[in-house]
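Asker:
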Amino acid sequence: MDKILRKNEFWLFCILLLMAFIVGGSNDAFWSRTNLFSLFKSSVVMGIFALGVLLVIVSGGIDISFPAFAVFSFYITVKYLLYIKFTGPVVIPFAMSMAIGTLLGLMNAFLISTFKLIPLIVTLGTGSAVTGFLRAFVGTGTLSNLPQPLIDFSRWNIYTETLSDGSVIGFSGSFLILIALSLAVAFVLRRTTLGRGVYAMGGDLTAAVRAGLPVPKLYYFTYGLVGALAGTAGIVHCSLIRLANPRDLEGAEMEVIAAVVLGGASLTGGKGTVSGTILGVFLIVLIKGSLILVGIPTDWQKVAIGVVLITATALTAYRSSKGGR
Numbered sequence: 006m007d008k009i010l011r012k013n014e015f016w017l018f019c020i021l022l023l024m025a026f027i028v029g030g031s032n033d034a035f036w037s038r039t040n041l042f043s044l045f046k047s048s049v050v051m052g053i054f055a056l057g058v059l060l061v062i063v064s065g066g067i068d069i070s071f072p073a074f075a076v077f078s079f080y081i082t083v084k085y086l087l088y089i090k091f092t093g094p095v096v097i098p099f100a101m102s103m104a105i106g107t108l109l110g111l112m113n114a115f116l117i118s119t120f121k122l123i124p125l126i127v128t129l130g131t132g133s134a135v136t137g138f139l140r141a142f143v144g145t146g147t148l149s150n151l152p153q154p155l156i157d158f159s160r161w162n163i164y165t166e167t168l169s170d171g172s173v174i175g176f177s178g179s180f181l182i183l184i185a186l187s188l189a190v191a192f193v194l195r196r197t198t199l200g201r202g203v204y205a206m207g208g209d210l211t212a213a214v215r216a217g218l219p220v221p222k223l224y225y226f227t228y229g230l231v232g233a234l235a236g237t238a239g240i241v242h243c244s245l246i247r248l249a250n251p252r253d254l255e256g257a258e259m260e261v262i263a264a265v266v267l268g269g270a271s272l273t274g275g276k277g278t279v280s281g282t283i284l285g286v287f288l289i290v291l292i293k294g295s296l297i298l299v300g301i302p303t304d305w306q307k308v309a310i311g312v313v314l315i316t317a318t319a320l321t322a323y324r325s326s327k328g329g330r
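Residue numbers for the sequence shown follow our numbering, so the first one is 6 and each next one is one higher.
1) Closest by CA to residue 232, which one among 122, 253, 72 and 167?
2) How would you call residue 150, buried or exposed, if buried means at least 16 neighbouring beta carbons within 10 angstroms?
3) Classify residue 276: buried if its beta carbon has 16 or more other beta carbons within 10 angstroms, exposed otherwise.
4) How many Å lie between residue 196 and residue 235 at the Cα?
5) Does DSSP put residue 281 in a helix, in a strand, or in coil?
6) Look at the alpha carbon of residue 282 and the alpha carbon of residue 264, and state the distance between them as a whole number of angstroms.
7) In whole angstroms, give me the CA-to-CA distance for residue 309 and residue 302.
8) Along the chain, which unbroken stretches of the alpha helix (DSSP H) at least 4 residues long are found entirely within the segment 87-160?
9) Taking its Cβ as the centre, do 16 or more other Cβ atoms sit within 10 Å of residue 260, making it buried, or is it exposed?
10) Report buried or exposed for residue 19, applying the criterion of at least 16 other Cβ atoms within 10 angstroms of its Cβ.
11) Opposite residue 166 in the DSSP bridges: which residues?
12) Beta-carbon within less than 6 angstroms of residue 70's beta-carbon, same chain only, minus the 5 sequence neighbours each way: which residues are those?
13) Can you pull the DSSP bridge partners for residue 263?
14) Going by the CB atoms, is the gap between residue 143 and residue 88 shorter than 9 angstroms?
15) Taking the C-alpha atoms as reference points, what is the distance between residue 78 and residue 240?
16) Can we say the segment 245-259 touches the segment 42-51, given the rule of at least three CB pairs closer than 8 angstroms?
17) Spell out the partners DSSP gives residue 189 in its beta bridges.
18) Rounding to the nearest angstrom, what Cα-Cα distance links residue 278 and residue 171 in this structure?
19) With respect to 8 angstroms, is the separation between the Cβ of residue 150 and the closest non-hydrogen atom of the ligand HEM below this value?
20) With DSSP run on the structure shown, which of helix, strand or coil describes residue 34?
21) Between residue 253 and residue 76, what straight-line distance do the alpha-carbon atoms span, to the nearest angstrom?
22) So residue 148 and residue 84 are in contact, right, with Cβ under 8 angstroms, and what is the actual spacing, rounded?
23) Are the CB atoms of residue 227 and residue 186 within a distance shorter than 9 angstroms?
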């Protein structure tokens, strides 16, 4: 029990439950299946992003280019598939978007590992460059007529129910993608040599080099996987909203990083778990949804998330200094 009480995930889960009961007590609509299904659906894209950010933070780096990579990946994919009038299996647009995201992530890895540049500066630059290239040479118009396979994917529910008023609600099947990717990332981090190398690199880069770890390869693995996850999140986002908008997801990095840090990941590297990250995502989604239900203007969402990010960072720094002592 003492070991459980020391875990960040336990207290995060308690806070999540407390907030749910507080909001549910002030507005019964919170407990409706319509709202709960919507919250789970809202957590999918942020959750996939957060898995990638967890990887790069654990490695001792940072990535703020993933929203731009996601937009670039899904917009290029949708525009090309519309051009060829694609009607094949939905796995093709997913694979295309993932491949584009992976290539962009490998570009980050190349710049960081080859020229020893600071990850924050590199990802800030590549994100801005990719966004500018997309809007200057590919297009700025919103694509609303998505390929039929993506529309069919957006309608995929693992559970549907007809309410008394005749409306139909469903639990989105896209949530299964988040579960599958979470299990895969957790396995890689905890059960593979690559994952242990990522933790070692984030814990002490100098010691990792001296221990003979292939640090450049770990950079390529980490940032390449972040790009692949960004491409996946992008095509899921595009499908769920049934629009390909080149101006989507701007500012998403703050919410995602807040969720990861809130989940217990240390910004200095070497620490973080998938379970904590997913709980952090649920808490951020709950905060955003709760403000609307209790009647607080949506403009206060960024204020609340900013406060959460500062608080989580302060708690992480406090735990690190306490552990050091």
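For every residue, glycine included, the Cβ atom is placed at its ideal position computed from N, Cα and C.
Answerer: For this structure:
1) Walking along the sequence shown from the start, residue 232 turns up at place 227. Answer by Cα proximity: 72.
2) Sequence index remark: in the sequence shown, residue 150 carries index 145 (1-based). By the C-beta density criterion, residue 150 is exposed, having fewer than 16 other C-beta atoms within 10 angstroms.
3) For the purposes of this step, residue 276 is taken as the residue at position 271 of the sequence shown. Buried is the call here.
4) Here the question's residue 196 lines up with position 191 in the sequence shown. Here the question's residue 235 lines up with position 230 in the sequence shown. Spanning the two alpha carbons is a distance of roughly 23 angstroms.
5) Stepping through the sequence shown from its first residue, residue 281 is reached at position 276. In the structure shown, residue 281 adopts helical secondary structure according to DSSP, grouped into three states.
6) Here residue 282 refers to the residue found at position 277 when the sequence shown is read from its first residue. Here residue 264 refers to the residue found at position 259 when the sequence shown is read from its first residue. Approximately 6 angstroms, taken between the alpha carbons.
7) Along the sequence shown, one-based indexing puts residue 309 at 304. Along the sequence shown, one-based indexing puts residue 302 at 297. Here the alpha carbons of residue 302 and residue 309 stand approximately 11 angstroms from one another.
8) Taking only runs of at least 4 residues, the alpha helix (DSSP H) segments lying wholly in the segment 87-160 are 96-120, 124-138 and 153-159.
9) Residue numbering aside, residue 260 sits at position 255 when the sequence shown is read from its first letter. Classification of residue 260: buried, given that the 10 Å Cβ count is 16 or more.
10) Start at 1 with the first residue of the sequence shown, and residue 19 comes out as number 14. Note on residue 19: under 16 other CB atoms within 10 angstroms of its CB, so exposed under the neighbour-count rule.
11) In the sequence shown, the residue the question calls residue 166 occupies position 161. In the DSSP output, where bridge partners are listed per residue, residue 166 has 174.
12) In the sequence shown, the residue the question calls residue 70 occupies position 65. Beyond the five residues adjoining it in sequence on each side, residue 70 comes within less than 6 angstroms, by CB distance, of 128, 131 and 132 in the same chain, given in chain order.
13) Locating residue 263 in the sequence shown gives position 258, counting from the first residue. Beta-bridge partners assigned by DSSP to residue 263: none are found.
14) As a position in the sequence shown, residue 88 is number 83, starting the count at 1. As a position in the sequence shown, residue 143 is number 138, starting the count at 1. Cβ atoms of residue 88 and residue 143: not closer than 9 angstroms.
15) Taking the sequence shown and counting its residues from 1, one reaches residue 78 at position 73. Taking the sequence shown and counting its residues from 1, one reaches residue 240 at position 235. Looking at the two C-alpha atoms, the distance is approximately 8 angstroms.
16) Remark: three or more beta-carbon pairs, one from each stretch, lie closer than 8 angstroms, so the segment 245-259 and the segment 42-51 are flagged as touching.
17) Against the sequence shown, residue 189 aligns to sequence position 184. Under DSSP, residue 189 forms no beta bridge with any residue.
18) On the sequence shown, position 273 is the one that residue 278 refers to. On the sequence shown, position 166 is the one that residue 171 refers to. Note on geometry: alpha-carbon atoms of residue 278 and residue 171 lie some 42 angstroms from one another.
19) With respect to the ligand HEM, the structure offers nothing, as it holds no ligand at all.
20) Walking along the sequence shown from the start, residue 34 turns up at place 29. In the structure shown, residue 34 adopts helical secondary structure according to DSSP, grouped into three states.
21) The residue given as residue 253 occupies position 248 in the sequence shown. The residue given as residue 76 occupies position 71 in the sequence shown. Going by the C-alpha atoms only, they are around 7 angstroms apart.
22) Here residue 148 refers to the residue found at position 143 of the sequence shown. Here residue 84 refers to the residue found at position 79 of the sequence shown. About 7 angstroms separates the CB atoms of residue 148 and residue 84; that is less than 8 angstroms, so the two are in contact.
23) For this step, residue 186 is matched to residue 181 along the sequence shown. For this step, residue 227 is matched to residue 222 along the sequence shown. Judged by their CB atoms, residue 186 and residue 227 are not nearer to each other than the 9 angstroms cut-off.
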